Amino acid sequence: MEPKKKNGFYEWAEIICGVIVLMAVVYTFLFRMVNVSGSSMETTLSNGEQLILSSAPYTPAYEDIVVVSRGMAQEPLIKRVIGLPGDTIYVDAESGEVYRNNELLVEPYIDFPTAVERMTGPVTVPSGQVFIMGDNRAPNHSYDSRSFGCVPVEDVVGKAVYRLMPFDRMGGIYDD
1299 MEPKKKNGFY EWAEIICGVI VLMAVVYTFL FRMVNVSGSS METTLSNGEQ
1349 LILSSAPYTP AYEDIVVVSR GMAQEPLIKR VIGLPGDTIY VDAESGEVYR
1399 NNELLVEPYI DFPTAVERMT GPVTVPSGQV FIMGDNRAPN HSYDSRSFGC
1449 VPVEDVVGKA VYRLMPFDRM GGIYDD
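Mapping of the sequence shown onto my numbering: position 168 corresponds to residue 1466, and the numbering continues sequentially without gaps.
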């Protein structure tokens, strides 16, 4: 006896359902899209840009641009990793220079000296946390670890890897 042939509609429905499930898995575990909101990452990233975020299992590294979750009620933060567990971060209030473990950071991606904000002295990054800052370091332009302290690594959703929009700036984030 010959097996029953499937109706064309059911074959298409299976394919469409499979694609939807595959896309959900990819979105949940590998890549996400995120919109830049605000000017805290100027001039590297601008308000309204759309980024593709790698959300595969990830360990933050120096200078990575990461997205940090702030819970369901608030938009995520997009910032740069400045310090990892065990690092001591210090901002010289007079020069606006940033030091990590007593070494001056070379930061070609910033246009302004770094404002101290609420930091009262050196900050040592606790185990399981990172120190993040926006690239726009002018006073009151980036709500980051200078204001609220270090963030748990588990709150890092992933690393920004590709600028999707605007089209005239499309490309890898670290190609600039």
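Cβ coordinates follow ideal geometry from the N, Cα and C atoms, glycine included.
Computed from a prediction, not measured in an experiment: that's the story for all the values here.
- Message: What would DSSP say about D1474, mapped onto helix, strand or coil?
- Response: Unreliable placement is indicated for D1474, whose pLDDT of 49 sits below 50; the coordinate value is still reported in the next sentence. D1474 falls in the coil class under three-state DSSP.
Pairwise C-alpha distance: V1365 and Q1372 = Each residue's alpha carbon lies about 13 Å from the other.
- CA nearest to the CA of C1448, picked from T1357, Y1360, L1382, V1332: The residue with the shortest Cα to Cα distance from C1448 is L1382.
Q: Report yes or no: do the stretch 1330 to 1342 and the stretch 1418 to 1425 share at least 3 C-beta pairs separated by less than 8 Å?
A: Touching, no, given that fewer than three Cβ pairs across the two stretches are closer than 8 Å.
Cβ contact (3+ pairs, closer than 8 Å) linking the stretch 1335 to 1346 and the stretch 1381 to 1395: Fewer than three Cβ pairs drawn from the stretch 1335 to 1346 and the stretch 1381 to 1395 lie within less than 8 Å of each other, which leaves the two stretches out of contact.
task: Using only alpha-carbon positions, find the residue among F1465, A1359, V1414, P1355 that is nearest to N1434.
output: Looking at the Cα atoms, V1414 is the closest of the given residues.
For this session: Verify whether the separation of the beta carbon atoms of S1338 and G1456 is less than 8 Å.
Result: It is not a contact, given that the beta carbons lie outside the stated cut-off.
**Report entry** For P1450, the nearest candidate out of N1399, P1464, S1367 (CA to CA)
**Finding:** Among N1399, P1464, S1367, the Cα nearest to that of P1450 belongs to S1367.
Which of helix, strand or coil DSSP assigns to L1320: In this structure, L1320 counts as helix in the three-state DSSP scheme.
**Message:** Tell me whether the stretch 1402 to 1414 and the stretch 1435 to 1445 touch, counting them as touching only if at least three CB pairs, one residue from each stretch, are closer than 8 Å.
**Reply:** They touch, by the three-pair rule.
### I1387 classed as buried or exposed, judged by whether at least 16 other C-beta atoms fall within 10 angstroms
I1387 should be labelled buried.
If you measure between the beta carbons of R1467 and L1349, is that distance less than 8 Å?
One thing to note: R1467 has its Cβ no nearer than 8 Å to the Cβ of L1349.
According to DSSP, Y1388 sits in a beta bridge with which residue or residues?
Its beta-bridge partners are Y1397.
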